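In my numbering, the protein residues as written are 151 to 589.
I have placed the structure first, in the form of structure tokens, so that the comments after it can refer back to it.
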Amino acid sequence: MNIKRKIAIAAVPAVMALASTSVDSKILLMSQEGWEVSFDGAANAFIMKNSVSNVPDSSGGTGNIAFDTYGGVAGGNDDTSIVTGLLPNVWGMTLKAPTANGLDVSMRLGLYTHMNGGENALGNGQINIRETSGSVAGSFGTVLVGRSLGIHQSNAILNDMLLFGVGAAASAGNNNTTLGRIGLGYLYTDFRPQVSWVLPGMDALNGNFGAKIGIFDPDDVVADSAAFSATDKSSPRVEAQITYNGGLGDLGINLWVDGSYQNTERSEAEASAYNSNDGPGVNTADVKNTRDTDVDSASVGFGTKVSYQGFSIVATGFYANAQGIRGQKAVQGLGQTGALDDVGTERKTYGGYLQGTYDFGQGTSAGYSYGGNCLKRTGNDIQARGVMNCQTMHSGMIWHNVTDNFRLIAEGGYTEKSWYLADTEQEDSFGGVGAFFFW
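So this is what it looks like as structure tokens:
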């Protein structure tokens, strides 16, 4: 098994969770009468240096204004931390039954943890069961039931070089894994309870077309003022993706488009609050009492990866409604995401990233990427101060595969957050080194 294939298999939690059949695990613990039990995983650690400026507190010279951060670093700091990166440390196990009647049935359990959030034994390095699922594969494709990685925006994170790095939010105060480029180039796909179907591939145009679709647990849509949120989740979330993998000669081409949709109603109390607010354009009783109170959360993503010999370029983008700056579901247990404004109006989000990497051979590669996410203001936001505009990040990385199972990494970057009408921006420069071990 070559290095690239090992790295792909070990891209826990992403690639393993997306495998269309039983995972090609690294270590076969048992094989008897067609039953197989296998074990896989990865561990990583980084030492990082961060220097972050304060969130602005004034607009047009007026001070004491609260600026939205949506979980970003609020106070300036200059610290050193030893952290787990974007990928948690993982121990995964797959149980596969004997093939019968053309069907492959398997079960997957993945335990994920990290060392972030505390200097002592009582820190916040909890164990998360992000994967617990069963799958059935046959001529019809693969059906998965359980908790696994989502579909929408999954290729954006899978092709991000920071999957094996740290990216944003590497600080001693962070009590979860770091963010990589989540909220800085794509929305977080997350690990979700689901019933998903990977359709059989179709060969055409010197490549292979693939498709997958799934229904997922719906999420709350949280407003900046909680009373105007939408939490009556009577309909499931739907996600889908179409891919093309092909090429011509030494040129490799990967294309994808994906999307998600969820309709969420407001509870009686939320609808009453929403219809009684005094936001712009809602200033008469007739208008207040006739507005639709449900929320349509929708998003479309797209991207391409083009490879030629040692060069690789990735370009991705998305446009979303009522999804927030990082994703509709709160990240790291946070509440507001920017999906709805202070009076419950849906916000639009857009973003993407551009990445270039080069493989020098002998296991050494380097890359650079730039991207970000932005929120569009609503009518109510135009009158408000402290509304987030964009957050962007430059990132550079060099990595070397010492062995098939051990990778060394050096990383550095710079993030910038801006707000509408703010007098200043928040800046964060970071750098560090780390290592990954795969099995």
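Every residue, glycine too, gets a C-beta built ideally from N, C-alpha and C.
Remember, it's a predicted structure, so these values are computed and weren't measured experimentally.
In terms of Cα proximity to Ser-209, the closest of Met-543, Asn-555, Ala-534 is Ala-534. Using a Cβ-Cβ distance cut-off of 8 Å, the segment 183 to 191 and the segment 547 to 561 are not in contact, since fewer than three pairs of beta carbons, one from each stretch, lie closer than that value. Annotated as distal: His-550 and Gly-563, with beta-carbon spacing of 7 Å or more.
Of Glu-575, Tyr-570, Gln-541, Ala-585, the smallest CA-CA separation from Ile-559 is found for Ala-585.
Apart from sequence neighbours up to five positions away, the residues of its chain that approach Gly-546 with a beta-carbon distance below 6 Å are Tyr-518, Gly-562, ordered along the chain. Within its own chain, the residues whose Cβ lies closer than 7 Å to the Cβ of Val-205, once the five positions on either side in sequence are excluded, are Phe-217, Thr-219, Ala-224, Gln-576, listed in chain order. For Glu-575, the three-state secondary structure derived from DSSP is coil. When DSSP states are grouped into helix, strand and coil, Met-311 belongs to the helix group. Residue environment analysis places Leu-237 among the buried positions, since at least 16 neighbouring C-beta atoms fall within 10 angstroms of its C-beta. A residue is called buried once 16 or more other Cβ atoms fall within 10 Å of its Cβ, and Gly-191 is buried on that count. Annotation for Gly-529: the continuous alpha helix (DSSP H) segment containing it runs 529 to 532. In terms of CA proximity to Thr-507, Asp-310 leads the group Asp-310, Ser-410, Lys-383. Gln-473 is bridged by DSSP to nothing; it lacks a bridge partner.
With a cut-off of 8 Å on Cβ pairs, the segment 342 to 362 is not in contact with the segment 378 to 385, counting fewer than three such pairs.
Cβ-Cβ distances below 6 Å link Met-243 to Phe-189, Leu-259 in the same chain, with the five nearest sequence neighbours on each side left out; the list follows chain order.
Within 10 angstroms of the beta-carbon of Lys-526 lie fewer than 16 other beta-carbons, which makes it exposed.
Annotation for Ser-231: the continuous beta strand (DSSP E) segment containing it runs 227 to 233.
Excluding its 5 nearest sequence neighbours in each direction, Leu-504 has C-beta neighbours in its own chain below 7 Å: Ala-465, Ser-519, Tyr-520, Gly-521, listed in chain order. Taken atom to atom, the span from the alpha-carbon of Lys-199 to that of Leu-490 is near 34 Å. Rounded to whole angstroms, the Cβ separation of Thr-327 and Thr-234 is 6 Å, and the two are in contact under 8 Å.
DSSP places Tyr-262 in the uninterrupted beta strand (DSSP E) bounded by 254 to 263.
With respect to Trp-589, Met-538 sits apart: the two C-beta atoms are not nearer than 7 Å. Counted as a single uninterrupted DSSP element, the stretch harbouring Asn-251 is not any alpha helix (DSSP H), since DSSP gives it neither H nor E. The C-alpha of Gly-474 lies about 22 Å from the C-alpha of Asn-425. Checking the DSSP bridge columns, you'll see Ala-306 has no partner listed. Taken through DSSP and simplified to helix, strand or coil, Asn-425 comes out as helix.
Using a Cβ distance threshold of 7 Å, Thr-499 and Ala-470 count as a contacting pair. When the beta-carbon positions are compared, Gly-333 and Asn-523 come within less than 7 Å of each other. Taking 3 residues as the minimum length, the beta strand (DSSP E) runs contained wholly in the segment 488 to 512 are 498 to 511, in order along the chain. The beta-bridge partner set that DSSP reports for Phe-378 is empty. Assigned with DSSP and collapsed to three states, Ala-216 falls in coil, not helix or strand.
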